[in-house]
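Visitor: First the structure, which I've put down as structure tokens, then a few questions once you've had a look.
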Amino acid sequence: MGRPRTFDEAQAVAAAAELFAGRSFDGTSVDDLVTCTGVHRGSLYKTFGSKRGLYLSALRHHIDGDVTRVAGEISAAPPGEAGTRALAGGGSLGFLLLAATERAAVDDEVAAEVSRALTLLDEAFQKDEKATALALGLLIRSRADRTLIP
Amino acid sequence: MATIDITADDLVVNVEGLDKLWALKSSLTIPLTNVRGATPDPSIAHEWKGVRTAGTYVPGVIVAGSFRSEGERVFWDVKNPAKALVIELADERYARLVIEVDDPRATAELIESAKRN
């Protein structure tokens, strides 16, 4: 019975990821999503099932894109510079930090995605989990102290 | 107003009080496998609902019954838009339920978590 989709699903997911990264899950309304994606309410529900369904798609998009890219930059860094690379790319990891603090504790599917992202970063740091923890800790501090990161 | 019960396999939506008369059905039982998700959506009531096919519609006051919009059948039972919850379905008579519940956010989390267990 469904009509053909008249919107670019990947584009809508990317726009939603940007919104969730800035406003969090609870802070983003369906109205906000309709406005920013340009997709009709009915089509959003039909395609993603719920706001949470769209949130999970957006988080996966963020991990497959931003997080994977930063992990690649860390892996490719010369010896001793991996941490610096992580912080330089860290500005684009805001959605991951927010998902970890806001939703991972109450949503096991979000927790699984956050774990997947952390594993990507651990592997980029040659399985040095402390290096991942330090980089993420510094990224959180940088939100209060903006001088910490260039 | 509606209440939600979740059994081992089903989502049961009970429409309470006089809403029964307006919305024609007092209870809907949906297998959890046909529930795609639930979302609190206080603004949905301001949108065009489509053509009423059964039930009662007093613009701005009561929306209850079966509506058809863009080829989809949607069940509405909302008096207070602030408490609207949208439940998206698959392979059911209704594509979507828009109902009023006491705590839309908690109910949405309950349904979403039941769906993945």
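Sequence lines, in order, name chains E and F.
Residue numbers for the first sequence follow full-length UniProt numbering, beginning at 1 and rising by one.
Residue numbers for the second sequence follow full-length UniProt numbering, beginning at 1 and rising by one.
Cβ atoms here follow ideal geometry from the backbone N, Cα and C, with glycine treated the same way.
#1: If you measure beta-carbon to beta-carbon, which residues of the segment 70–84 of chain F are closer than 8 Å to chain E?
#2: Could you spell out where the beta strand (DSSP E) holding residue 27(F) opens and where it closes?
#3: If the cut is a Cβ gap below 8 Å, which residues of chain A does residue 49(E) touch?
#4: In the DSSP output, what is residue 87(F) paired with across the bridge?
#5: Kindly list, in the order they appear in chain F, the residues whose Cβ is closer than 7 Å to that of residue 114(E).
#6: Using only the alpha-carbon positions, how far apart do residue 119(E) and residue 74(E) sit?
#7: Taking a contact to mean a Cβ-Cβ separation below 9 Å, would you say residue 74(F) touches residue 85(F) in this structure?
#8: At a Cβ threshold of 9 Å, is residue 42(F) touching chain E?
#9: Use the C-beta contact count for residue 12(E): other C-beta atoms within 10 angstroms, 16 or more gives buried, fewer gives exposed.
#10: Are residue 35(F) and residue 99(F) close, meaning C-beta to C-beta below 9 Å?
#11: If you draw a straight line from the alpha carbon of residue 87(E) to that of residue 68(E), how long is it in whole angstroms?
#12: By the 10 Å Cβ neighbour count, where 16 or more other Cβ atoms means buried, how is residue 81(E) classified, buried or exposed?
#13: Cα separation between residue 97(E) and residue 35(E)?
#14: Under 8 Å by Cβ, that's how I've got residue 37(E) and residue 16(E) pegged, so tell me the actual separation to the nearest angstrom.
#15: According to DSSP, is residue 50(E) helix, strand or coil?
#16: Short check: CB of residue 83(E) to CB of residue 117(E), under 9 Å?
#17: In its own chain, which residues sit with a C-beta less than 6 Å from the C-beta of residue 143(E), not counting the 5 before and 5 after it?
#18: Taking the beta strand (DSSP E) that residue 15(F) belongs to, which residues open and close that run?
#19: With burial defined as no fewer than 16 other Cβ atoms inside 10 Å of the residue's Cβ, what is the status of residue 116(F): buried or exposed?
#20: Heavy atom of the ligand GTP less than 8 Å from the Cβ of residue 45(E), yes or no?
#21: Counting contacts by CB-CB distance shorter than 9 Å, is residue 30(E) in contact with chain F?
#22: Once the 5 residues before and after residue 131(E) are set aside, which same chain residues still bring their CB inside 6 Å of it?
#23: Listing by chain order, which chain F residues have their CB less than 9 Å from the CB of residue 42(E)?
Guide: Reading it off the structure:
#1: 70, 71 and 72
#2: 27–31
#3: In the structure shown, chain A cannot be found, because the protein chains are E and F.
#4: 38(F) and 97(F)
#5: Near residue 114(E) there are no residues of chain F at all, since even the closest Cβ is about 16 Å away, more than 7 Å.
#6: 13 Å
#7: no
#8: yes
#9: It counts as buried.
#10: For residue 35(F) and residue 99(F), no; Cβs fall outside 9 Å.
#11: 14 Å
#12: exposed
#13: 25 Å
#14: 6 Å
#15: Three-state DSSP puts residue 50(E) in coil, outside helix and strand.
#16: no
#17: none
#18: Note, residue 15(F): beta strand (DSSP E), 10–15.
#19: Exposed, by the Cβ-count rule.
#20: Because no ligand of any kind appears in the structure shown, any question about the ligand GTP cannot be addressed here.
#21: yes
#22: 125
#23: Annotation: Cβ neighbours of residue 42(E) in chain F (cutoff 9 Å, chain order): 47, 69, 70, 72, 74, 95 and 96.
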